[in-house]
Every structure is written in structure tokens, then in C-alpha cells.
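Here the protein sequences come in this chain order: A and B. Just so we're aligned: the first sequence equals residues 19 to 244 in the numbering used here. Just so we're aligned: the second sequence equals residues 19 to 244 in the numbering used here. Scroll down for the structure; my scribbles are underneath it.
Number of protein chains: 2
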Amino acid sequence: MPKPTFFNLPPEKQDTILEIAIEEFARHDYGVASISRLVKQAHISKGSFYQYFEDKQDLYLYLVDLAIEKEVEFLLAVEPPESQKGFFPYLRWLFERSSDFVTNDPRWCQLLYRASYGDFPFRDEVLHRTQLTSRSYLQDLVKAGIERGEITEDIDTDLAIFAIDALWEGSRYWIPRKLAIDFKNIDREDITEDKIKFVRQWFDGLTYILENGISTKKHRKTPHQP
Amino acid sequence: MPKPTFFNLPPEKQDTILEIAIEEFARHDYGVASISRLVKQAHISKGSFYQYFEDKQDLYLYLVDLAIEKEVEFLLAVEPPESQKGFFPYLRWLFERSSDFVTNDPRWCQLLYRASYGDFPFRDEVLHRTQLTSRSYLQDLVKAGIERGEITEDIDTDLAIFAIDALWEGSRYWIPRKLAIDFKNIDREDITEDKIKFVRQWFDGLTYILENGISTKKHRKTPHQP
DNA sequence: CGGTCATGTGACTGGGTAGTCACACGCGAG
DNA sequence: CTCGCGTGTGACTACCCAGTCACATGACCG
Chain A
19 MPKPTFFNLP PEKQDTILEI AIEEFARHDY GVASISRLVK QAHISKGSFY
69 QYFEDKQDLY LYLVDLAIEK EVEFLLAVEP PESQKGFFPY LRWLFERSSD
119 FVTNDPRWCQ LLYRASYGDF PFRDEVLHRT QLTSRSYLQD LVKAGIERGE
169 ITEDIDTDLA IFAIDALWEG SRYWIPRKLA IDFKNIDRED ITEDKIKFVR
219 QWFDGLTYIL ENGISTKKHR KTPHQP
Chain B
19 MPKPTFFNLP PEKQDTILEI AIEEFARHDY GVASISRLVK QAHISKGSFY
69 QYFEDKQDLY LYLVDLAIEK EVEFLLAVEP PESQKGFFPY LRWLFERSSD
119 FVTNDPRWCQ LLYRASYGDF PFRDEVLHRT QLTSRSYLQD LVKAGIERGE
169 ITEDIDTDLA IFAIDALWEG SRYWIPRKLA IDFKNIDRED ITEDKIKFVR
219 QWFDGLTYIL ENGISTKKHR KTPHQP
């Protein structure tokens, strides 16, 4: 947690610092991200930084927490379908919200990606935070889906969760690169309708694949042998 | 490419150096991996290292090339099914070989993962090398599958490739962590039959999901709207 | 006015890094 | 024996990093 000094700052200054910090940690893994670069860009002194935050890790964990908060908040900004409608409509909603999150807050999104897959000490500390929310949430979803008979029991719950998660995390990584989103200069104008549409269709496709697979139903040659 | 000096070394010494190097770059992203640590562990001097390799990047790109070579060689060590048997048997073969590659050469595998998703300068140089092989290979596979009518045309080719790739790369990352494989001390004894079986089943499951999705076929409520 | 306290500062420390270089060693040819 | 050459070496450079600290600034209070 940042020191009280940070929260005493005028909100705009807090925001500026956080903006620059998000950019730094979106562009680089924890180990490569640099506080020196950060303070230069934010036009504050090294000394000030360390009056705001305990250390690099303190800032980082705070950012991760903020990002998770931000993500949840963004997802829930649109009402999810009622749970009795079933798993797949829910998944579709989740992916649609997620896709908008990517185009809306690409840097938060990238920061969270790095939090899961990046290279740094205190992995467990961070994984605990990121997985606790997303993965246990998915777990409940999938289990309910199985109980309701929508999801095949042939597949292990954990594997289903993994698949959903891997497709999501993979998207989170590749989409900004496919769309040539530059984390340095986020330009709202640059996220055109076309791009938003592209991302929506991307996740529509993933929903379809997760539900039905990619095979035509004519040949089902390779049944699952558990 | 390493300098001639490196190739003049007795093969065992070359191997030792490469072993240590693989470990370093499997455990850390390019930016975090350290040549100083490497030479200490390999019991060679800084000076020697720079008589073997141009620089850090030279060594790294060489390792990536070796890893790709190693992967291809390993995959093809078992004959793939004849192509007329279709896409899904082929995919099953690919995943089965891949799963064995993970348990057999976890460090090479992890190095390649980092080459695709890691954080470093000269991204393009590395991506070019990794994608050229795997992604264009998948592309041919998927296109053939579509032409043969095994893969639904509702799905964009690129998205199908992405899905396969994302599940594979995700596995490559998570499996060693789930199995608690320590890249530091690779102990052949530690890779038990149980673990190998676990990985095989993992990829069997993924093949099934890719082919059929995770839904039971009873409710197909959410058709794909392109 | 003087004092106190929160905040701002940038030179500095200690340590890690990639890469260099002047020198040392040994071996084989002349 | 000596010269040259390929190889080995570790101290050294130049740089970057996280984190510290003695000092500066300025606002508010008595």
C-alpha cells in the first residue's frame, strides 16, 4: 500500500503518477520496468517517489490491485445475463465485456497479463491476487455448467477452466499487437469502430469454438478416450 | 551465430555451456537473464564467453534456433499419421508429441515459450523465427482441414490457428508449474509415469475441446453469428 | 517573527549488468 | 629455444538500477 503521503497528493497528481506507472508496467515485465525511468517521465524526484511508495514492489502490487478492481468494475458495468439462462450465454457476456475491456483499457489489461505470465520474484504473491478473482470465478461458472448438464462431464473441470483462461490470456496478449496498439501513446481516436468490431468478432469466434469446437459435425472420428 | 572459437571447443565443454545457458534463459526472460550469472555457473571467465559469442543476443538467438530445431526433431521422431486421415488425427498426434516434448525437454520448451511471450528488445527478430515454423505450419494444416470439410467454415482460419496456438502455449507455460518442474535441477527420475500420463490426458482433453467444444450436444442455444 | 512539520529534492551508495582489454599461458612450427 | 597464434582470464569501464539521506522549501500556527 502506498504511504499516506501519496493519498494526500492532489488527485490529478496521483493520476499522473499512476498513468505513467501503468504505462511502464504495461510495457515491461516487473524486472525490466524501471523506477528511474518512471520518475523522469512523471517529473518527480526519486526522493518523492520513495515518500509515496515503500518500494517498487509496493507500487506494483498496488497497481495490480487497482487493475483487478478496474477490470471487475468494467466487466460488471453491463449486467450479466441471469444465471438461469445458462453457462454459454454467460460466457458470451464475459467474453464480450472482456473484449471491450481490451480496447477500452489496453494498458490495465496488459499489466494484468504480465501479472499472470511475467517474470519476477514474489510470483506467488501476485498469482494469489490475480487467480483468486478470475480462476475461482470461472471454477464456479464451470461447475454450475456441468451440474446443469450444459458442459460435458467427459472433460475435467480444471482443463475446461484452463482452456477458457488460456484463450482469454492469449487474446489479451495478441490482440493489442494485432491491432498495433502502442502502450506508449494511447490515442482514443486510434481505437476505431473497426477495431472494436474486430475484437468483438474475435471473442464471438472463441465462444463458438469453446462451445462447439472447430469441427464440422459430419465426421466425428476421434472420440475422447478418458 | 557463435564464433568459430566456440565450435573449436571440445563437445562436452560446448554442451556444458549450452546446458547452463538454456537453464538461464528458461528460468528468466531475456532482459532478466544474466551473462555474469551464466559464466559463474559454467565456470568460464567473462573473457572466454565473449570469445565464444558476439554478445548476449548472439547466444540467445542461437539458443532459440537450437530449440526450434530440437522441437521439430523431437516432434518428427514419431511418424505423423498420413495426411489423408484428416486434420483431427493429425492434431492429436501433434499434441501428443508436444506433450512428450514438455516432459522430455522442459527447459527447451520453456525457452521457446519465453521467446514468444517474453519481454525484450528485438521482438520481431525472434517472433520471425518462432512463428515462421509453427504458425505457418498450423496455417497449412487448418486450411487443408477446411478444404476437406473437417473444420467449419464459420470460423476464421486465423482464429482457429490462434486457438490452437494459445492452448499450446498456455500448456507449455502452466504444465511445468502444475507438475512443479524445477528448471534448476532437472531430474529425470522426477518425471514419473504419473506425470507423463497426466500431460497426455491434458492434451487429449484439449484435442477433444478443440474438436467438439465443451458443451454437451443437447442444448445448442448460442449459434455463431458471423 | 520563529518554529515545526509535511513534503520535495537530487547527489549519492552499493550493487548488478554487458562488454572490453592487456596480459598470461601453452603448444606447435621453424 | 623462440616466435606466433589460438585460447583463457579477471580486473576494469561505463552504465543502469533501487533505494537513502541530508538538506531545501514552504505552509500553517503560536
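C-beta: ideal position from N, C-alpha, C; glycine also.
*At 9 Å on the CB atoms, spell out the chain B contacts of HIS146/A, in chain order.*
Under the 9 Å cutoff, chain B gives no residues; its nearest Cβ is about 14 Å from HIS146/A.
*Answer yes if the stretch 219-230 of chain B comes into contact with the stretch 94-109 of chain B, meaning at least three C-beta pairs across the two stretches below 8 Å, and no otherwise.*
Touching, per the Cβ criterion.
*Three CB pairs or more closer than 8 Å across the stretch 127-143 of chain B and the stretch 85-101 of chain B*: Yes, since at least three Cβ pairs between the stretch 127-143 of chain B and the stretch 85-101 of chain B fall closer than 8 Å, the two stretches touch.
*Would PHE106/B count as contacting chain A if we go by Cβ distances under 8 Å?*
The beta carbon of PHE106/B sits closer than 8 Å to some beta carbon of chain A.
*Return the residues of the stretch 172-197 of chain A that lie within a Cβ-Cβ distance of less than 8 Å from chain B, sorted by chain order.*
Those would be ASP172, ILE173, ASP174, LEU177, ALA178, PHE180, ALA181, ASP183, ALA184, LEU185, GLU187, GLY188, SER189, TYR191 and TRP192, in chain order.
*Once you ignore the five residues that flank PRO99/B on each side, which residues in its own chain have a CB closer than 7 Å to its CB?*
The answer, listed in chain order, is PRO107, TYR108 and TRP111.
*asked:* Tell me which residues of the stretch 50-69 of chain A have at least one Cβ-Cβ distance to chain B shorter than 7 Å, keeping chain order.
replied: Correct list: VAL50.
*Which residue from ILE193/B, PRO124/B, ASN122/B and ASP76/B puts its Cα closest to that of PHE216/B?*
The alpha carbon of PHE216/B has as its nearest neighbour, out of ILE193/B, PRO124/B, ASN122/B and ASP76/B, the alpha carbon of ILE193/B.
_When you compare the stretch 205-216 of chain A with the stretch 199-215 of chain B, are there three or more beta-carbon pairs, one atom per stretch, that lie closer than 8 Å?_
Cβ pair count under 8 Å is below three, so no.
*Mind listing the chain A neighbours of ASP118/B? Cutoff is C-beta to C-beta under 9 Å, in chain order.*
None at all; the shortest Cβ gap to chain A is about 17 Å.
*Whose CA, out of LEU27/A, LEU159/A and LEU150/A, lies closest to the CA of GLY104/A?*
Checked all of LEU27/A, LEU159/A and LEU150/A; the closest Cα to GLY104/A is LEU159/A.
*At a Cβ cut of 9 Å, what residues of the stretch 215-238 of chain A count as close to chain B, listed as they run along the chain?*
With the criterion set as a beta carbon lying under 9 Å from some beta carbon of chain B, the members of the stretch 215-238 of chain A are GLN219, TRP220, ASP222, GLY223, LEU224, THR225, TYR226, ILE227, LEU228, GLU229, ASN230, GLY231, ILE232, SER233, THR234, LYS235, LYS236, HIS237 and ARG238, in sequence order.
_So with CB distances below 7 Å, who are the chain B contacts of TYR135/A?_
Under the 7 Å cutoff, chain B gives TYR135 and TYR191.
*Evaluate the contact criterion for the stretch 46-62 of chain A versus the stretch 134-141 of chain A: three or more CB pairs, one atom per stretch, below 8 Å.*
Judged by Cβ distances under 8 Å, the stretch 46-62 of chain A makes contact with the stretch 134-141 of chain A, as three or more pairs qualify.
*asked:* Can you pull the chain B neighbours of THR170/A, defined as C-beta to C-beta under 9 Å?
replied: Here the neighbours are TYR226, ASN230, GLY231, ILE232, SER233, THR234 and LYS235.
*Between ARG246/A and the rest of its own chain, which residues show a CB-CB distance below 6 Å, the 5 nearest in sequence each way excluded?*
Residue 246/A falls outside the range modelled here, since chain A spans only 19 to 244, and no answer is possible.
*Should GLU42/A be labelled buried (16 or more other beta-carbon atoms within 10 Å of its own) or exposed?*
Classification for GLU42/A: buried.
_Coarse secondary structure for ILE293/A, derived from DSSP in three states_ = With chain A covering only 19 through 244, there is no way to say anything about residue 293/A.
*Assuming ARG153/A and ASP183/A form a contact by the criterion Cβ under 8 Å, report the distance between their Cβ atoms to the nearest whole angstrom.*
Indeed they touch by this definition, with Cβ atoms about 7 Å apart.
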